[in-house]
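In what follows, a single structure is set out as C-alpha cells and then discussed.
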Amino acid sequence: MSNKRDDKQNKDKNNNFFEKNPLLVFLIISTALIFLFKNTGLSDSLMSKGNIQRVEYSKIKSLISENEVNQVSIGKTSVKAKSGNGLLFVATKVDGDSGLVKLLDEKKIPYTAIDDKNYFLEFFFNWILPIGLFLLIWSFVSKKMQKNMGGGLFGMGSSKKMINAQKPKTKFEDMAGCEEAKDEVKEIVDFLKNPDRYISLGAKIPKGVLLVGPPGTGKTLLARAVAGEANVPFFSVSGSSFIEMFVGVGASRVRDLFQEAQKEAPSIIFIDEIDAIGKSRASSGNIGGNDEREQTLNQLLAEMDGFASTAPIIVLAATNRPEVLDAALLRPGRFDRQVLVDKPDIDGRVAILKIHSKDVKLGVDIDFKEIAKMTVGLSGADLANIINEGALLAGRENKKSVSQKDFVEAIERVSIGLEKKGRRIREEEKKIVAYHESGHALISEITKGSEKTTQVSIVPRGMAALGYTAHTPEENKYLAQKHELIAKVDVLLGGRAAEEVFLGEISTGASNDLERTTDILKSMIGIYGMTDVAGLMVLEERQNSFIGGGGTSKNYSESLANKQDEYIKSFLSERYEHVKGLLGEYKDAIESIVAKLYEDEKITGDELRNIISAYEIANEKPSKLVKREA
Ligand code: ADP
Ligand code: MG
Ligand code: ZN
Numbered sequence: 000m001s002n003k004r005d006d007k008q009n010k011d012k013n014n015n016f017f018e019k020n021p022l023l024v025f026l027i028i029s030t031a032l033i034f035l036f037k038n039t040g041l042s043d044s045l046m047s048k049g050n051i052q053r054v055e056y057s058k059i060k061s062l063i064s065e066n067e068v069n070q071v072s073i074g075k076t077s078v079k080a081k082s083g084n085g086l087l088f089v090a091t092k093v094d095g096d097s098g099l100v101k102l103l104d105e106k107k108i109p110y111t112a113i114d115d116k117n118y119f120l121e122f123f124f125n126w127i128l129p130i131g132l133f134l135l136i137w138s139f140v141s142k143k144m145q146k147n148m149g150g151g152l153f154g155m156g157s158s159k160k161m162i163n164a165q166k167p168k169t170k171f172e173d174m175a176g177c178e179e180a181k182d183e184v185k186e187i188v189d190f191l192k193n194p195d196r197y198i199s200l201g202a203k204i205p206k207g208v209l210l211v212g213p214p215g216t217g218k219t220l221l222a223r224a225v226a227g228e229a230n231v232p233f234f235s236v237s238g239s240s241f242i243e244m245f246v247g248v249g250a251s252r253v254r255d256l257f258q259e260a261q262k263e264a265p266s267i268i269f270i271d272e273i274d275a276i277g278k279s280r281a282s283s284g285n286i287g288g289n290d291e292r293e294q295t296l297n298q299l300l301a302e303m304d305g306f307a308s309t310a311p312i313i314v315l316a317a318t319n320r321p322e323v324l325d326a327a328l329l330r331p332g333r334f335d336r337q338v339l340v341d342k343p344d345i346d347g348r349v350a351i352l353k354i355h356s357k358d359v360k361l362g363v364d365i366d367f368k369e370i371a372k373m374t375v376g377l378s379g380a381d382l383a384n385i386i387n388e389g390a391l392l393a394g395r396e397n398k399k400s401v402s403q404k405d406f407v408e409a410i411e412r413v414s415i416g417l418e419k420k421g422r423r424i425r426e427e428e429k430k431i432v433a434y435h436e437s438g439h440a441l442i443s444e445i446t447k448g449s450e451k452t453t454q455v456s457i458v459p460r461g462m463a464a465l466g467y468t469a470h471t472p473e474e475n476k477y478l479a480q481k482h483e484l485i486a487k488v489d490v491l492l493g494g495r496a497a498e499e500v501f502l503g504e505i506s507t508g509a510s511n512d513l514e515r516t517t518d519i520l521k522s523m524i525g526i527y528g529m530t531d532v533a534g535l536m537v538l539e540e541r542q543n544s545f546i547g548g549g550g551t552s553k554n555y556s557e558s559l560a561n562k563q564d565e566y567i568k569s570f571l572s573e574r575y576e577h578v579k580g581l582l583g584e585y586k587d588a589i590e591s592i593v594a595k596l597y598e599d600e601k602i603t604g605d606e607l608r609n610i611i612s613a614y615e616i617a618n619e620k621p622s623k624l625v626k627r628e629a
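Positions 0 to 629 (numbering that gives the first Met the number 0) are the ones given, in order, by the sequence shown.
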C-alpha cells in the first residue's frame with residue numbers, strides 16, 4: 000500500500016521534472032544524440048552491418064599498399080576501406096591528399112566516390128533541433144500566457160479557462176453582522192430565481208450592484224451567497240487580473256466574460272476589486288493614462304450598456320475604495336446601486352464567531368459575547384482569524400478543547416497587526432470614543448436648533464476610523480438660521496468637551512470637529528454677514544494665477560483678518576465653556592449613555608432621549624430636551 004504510494008510519488012516527481020524543465024531535458028537528449036552519432040560511428044554501423052574499425056588515415060593508406068583491402072569508398076570527409084575478411088576500416092580524410100587515388104590505381108583496387116554526408120545529422124540540425132526548440136519555447140510562452148490570462152496560445156484572449164462558472168454553495172446563513180446588506184440583495188436573488196415574473200411585468204432590475212465596505216467584511220462572501228441562494232452560475236474575476244496582461248486582452252476578456260454569462264443566464268458576474276480597472280480616469284494621474292485599463296473599463300461599460308435590463312444577468316462588483324471609481328461606472332444602468340457591507344456590531348460579531356466555530360471543539364467556558372466586546376472594529380475576516388488562531392493555540396498545548404483563554408490570547412495576537420493598521424480599537428480608545436460621542440449626542444439633544452440624533456456608535460462605520468453620531472437633517476431645508484449654526488458649533492464641540500470634563504485629558508479625536516467649527520465661523524463672518532466683525536461685507540480669498548506668483552490674496556485688510564481670527568478664537572472658547580457647563584450638569588446622564596455604549600456599542604436616538612429624560616425627571620430638572628416636530 001505504502002509502496003504503491005511511493006511509486007506514484009516518484010512518478011509524479013519525474014513528471015514534474017519534465018514539466019518544469021522541458022527545455023533542459025530536450026537539450027540534454029539532443030546533445031547526447033549528437034555525441035553518439037559524431038564520435039562512436041553509430042551512423043556507420045547503421046549503414047553497414049559488418050565490423051567497423053575506426054583507424055587513422057595513414058593506416059588505410061598502408062593497408063592499401065599492403066593489398067589488405069579490396070574495395071575503397073572515398074567520400075568528402077571520410078574514407079572507407081573494406082578488407083577481404085569483411086572488416087570495414089573508416090578514417091577521416093586528410094584534405095588535399097591526392098596520393099590516395101593514385102595509389103589505388105597502382106594497386107588496381109576498385110574505388111568509388113560516396114556521398115558521406117550524414118543526412119541524419121544534417122536533418123537533425125536543420126530541422127529537428129530548430130523546430131523542437133521553437134515548439135518548446137512556444138509552449139513555454141503559451142503556458143505563461145495561460146497563467147496570466149487563462150487562455151491558450153491559439154485562443155489568445157479567449158480566456159476560456161478563466162471564466163469557468165462556479166456554483167457556490169454559500170448561503171446567507173454563512174454570514175452575519177450585515178443584515179441590511181443581506182436584505183438589500185434578497186431582491187436580486189428573487190429576480191435570478193424567477194426572472195420571468197419580473198420581466199413579464201416590465202420591471203427593470205438593477206444590472207449592476209456595487210458592494211462597498213472595508214476589507215474583510217464579507218463582500219466576496221456576500222456575492223457568493225447571492226449566487227448560492229439563487230443557485231445560478233457565478234462568474235468571478237478580479238479587477239487586478241485584468242490589468243496584469245498583454246495589451247488588448249483585458250477588453251476581450253471582458254467580452255468573453257459577458258458572452259459566457261449570457262449563455263448561462265440567469266447568472267451572476269462578480270468583479271472583485273473593481274477599483275483596479277474602474278479607477279477614475281481623472282484621478283489616475285499619469286498623463287496619457289493607462290491604455291490597458293481604460294480599454295478594459297470601456298469594454299465593461301459597453302457590455303453593461305449592451306445587455307437588456309431584462310436579461311437575467313446581474314453584475315456584482317466589490318470595492319473598498321468607492322471614492323476612486325470613475326463616475327461613468329456609477330451612472331444609471333451600470334453600478335447604480337450600492338450596498339454597504341459594514342463592520343459588524345456586537346451582536347453581529349457574536350453571530351460571526353458562532354458561524355466560524357461550528358467545527359471547533361469549544362470548552363465549556365466559552366463566552367462569545369465577551370470576545371465580541373473585546374473586538375470592536377474588527378471585520379468578519381479578523382474574527383474568523385481569531386477563532387482559527389485560538390484553535391491553533393489550544394492544539395499546540397495538546398488540549399481537548401479550545402478555552403476562552405485561548406481566544407483571548409488569539410485576540411491579542413491578531414490585534415497586534417491590526418492595531419498597527421489602525422483597524423482595531425484599543426480598550427482605552429473605546430473609552431475615549433464613548434465619552435466623545437456621548438458628548439456630541441447629549442449636546443445635540445439639549446440644544447435648540449440642532450439636528451436630531453438617530454444613532455450613536457463606537458463602532459467605526461464605513462472607512463472612518465472611530466465612532467460616530469448620526470443625525471437626520473430635516474428634509475427640504477435650504478436655509479440655516481444663525482442659532483442653528485451656533486447649535487452646530489456646540490454639538491461639534493461636545494465631543495472634545497466631554498473628553499476634557501470626564502477623562503481629564505484631551506485626545507486628537509476632535510480634529511475634524513474643530514476644523515468644521517472653524518469653517519462654520521468663517522462662513523458666519525465672511526459669507527453670511529452674521530457678525531459685526533465684517534458687518535455685511537463678504538470676505539474673499541482668491542487663488543492667484545501662477546503668473547501673479549501663486550499664493551492667495553484677500554479683498555480685505557490685514558487688520559480685519561486679525562479681527563476675524565480673534566473673534567473666531569474667543570467665540571469658540573466661549574461656546575466651549577458653555578458646552579462644558581452643560582456636560583457637567585448632565586454628568587450622570589453622560590455616564591449612563593457611556594455605560595450603554597460600552598454594553599451595546601450603539602444606542603438609538605430614542606434610547607438616548609429616554610436616558611436624558613429619565614435623568615431630568617429623577618433630578619427634578621426643568622427639561623432641556625429639544626422638542627421636535629413629528
Ligand atoms: P471582503 O471581500 O469584504 O474583503 P471576504 O468576503 O473575502 O471579505 O471575507 C473573507 C473571509 O472572512 C470570508 O471568507 C469569511 O470566512 C470571513 N467573513 C468576512 N465577513 C464575514 C461575515 N460577515 N460573516 C461571516 N464570515 C465573514
Ligand atoms: Mg474580497
Ligand atoms: Zn467628534
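Even for Gly, the Cβ is constructed at its ideal location relative to N, Cα and C.
- Only residues of its own chain outside the window of five on either side were considered, and among them F241, I242, I276, E291, R292, Q294, T295 and Q298 have a CB closer than 8 angstroms to the CB of G249, listed in chain order.
- The DSSP-derived three-state label of D115 is coil.
- Of all alpha-carbon atoms in Y585, E499 and A350, the one lying nearest the alpha-carbon of E178 is that of A350.
- Rounded to whole angstroms, the gap between the alpha carbons of G508 and K430 is 12 angstroms.
- Under the rule that a run must span 4 or more residues, the alpha helix (DSSP H) segments found entirely inside the stretch 172-225 read 178-192 and 194-199.
- By the neighbour-count definition (other C-beta atoms within 10 Å, threshold 16), T91 is an exposed residue.
- In the three-state scheme derived from DSSP, where H, G and I count as helix and E and B as strand, I526 is classed as coil.
- A residue is called buried when at least 16 other Cβ atoms come within 10 angstroms of its Cβ; Y477 does not meet this threshold and is exposed.
- E291 has no beta-bridge partner at all, per DSSP.
- A straight-line Cα-Cα distance of about 46 angstroms links E498 and N397.
- In the three-state reduction of the DSSP assignment, V78 falls in the strand class.
- Taking the Cα of V338 as reference, the smallest distance to any Cα among P321, I589 and E436 is reached at P321.
- When only Cα atoms are considered, A164 and A260 end up about 8 angstroms apart.
- Per DSSP, the continuous alpha helix (DSSP H) segment holding I589 begins and ends at K586 to D599.
- The C-beta distance from H435 to E450 rounds to 18 angstroms, too long to meet the 8 angstroms contact threshold.
- Within the model, the alpha-carbon separation for R627 versus L328 is close to 40 angstroms.
- Inter-residue distance for E388 and E411 is about 10 angstroms (C-alpha atoms, whole angstroms).
- Under DSSP, the beta-bridge partners assigned to F233 are Q165 and I267.
- V407 is the residue among W137, L315, V407 and K60 whose C-alpha sits nearest the C-alpha of L392.
- The beta carbon of P621 sits closer than 8 angstroms to those of E615, all from its chain and outside the five residues before and after it, given in chain order.
- Excluding five sequence positions before and after S235, the CB atoms of its chain that fall closer than 6 angstroms to its own CB belong to F269, given in chain order.
- Here the C-alpha atom of V100 lies approximately 20 angstroms from the C-alpha atom of R53.
- Nearest to E483 by alpha-carbon distance, out of D255, E55 and G448, is G448.
- If the five residues before and after S82 are omitted, its C-beta is found closer than 6 angstroms to the C-beta atoms of E67 and V68, all from its own chain and listed in chain order.
- For K181, the CB stays at least 7 angstroms from every heavy atom of the ligand ADP.
- Within its own chain, the residues whose Cβ lies closer than 7 angstroms to the Cβ of F570, once the five positions on either side in sequence are excluded, are L520, listed in chain order.
- For Y555, the secondary structure class from DSSP, reduced to helix, strand or coil, is coil.
- Distance from the CA atom of L581 to the CA atom of G379, rounded to whole angstroms, is 39 angstroms.
- Between G332 and Q454, the C-beta spacing is not below 8 angstroms.
- DSSP lists no beta-bridge partner residue for E619.
- Annotated three-state conformation of S138 is helix, per DSSP.
- Relative to the ligand ADP, T517 has its C-beta separated by 7 angstroms or more from all heavy atoms.
- For D489, the closest alpha carbon among the candidates S506, K58, L513 and D531 is that of L513.
- Just measuring C-alpha positions, the residue of A617, M373, G98 and S29 sitting nearest W126 is S29.
- The closest heavy atom of the ligand ADP lies less than 7 angstroms from the beta carbon of I351.
- Beta-bridge partners of Q454 (DSSP): A469 and T603.
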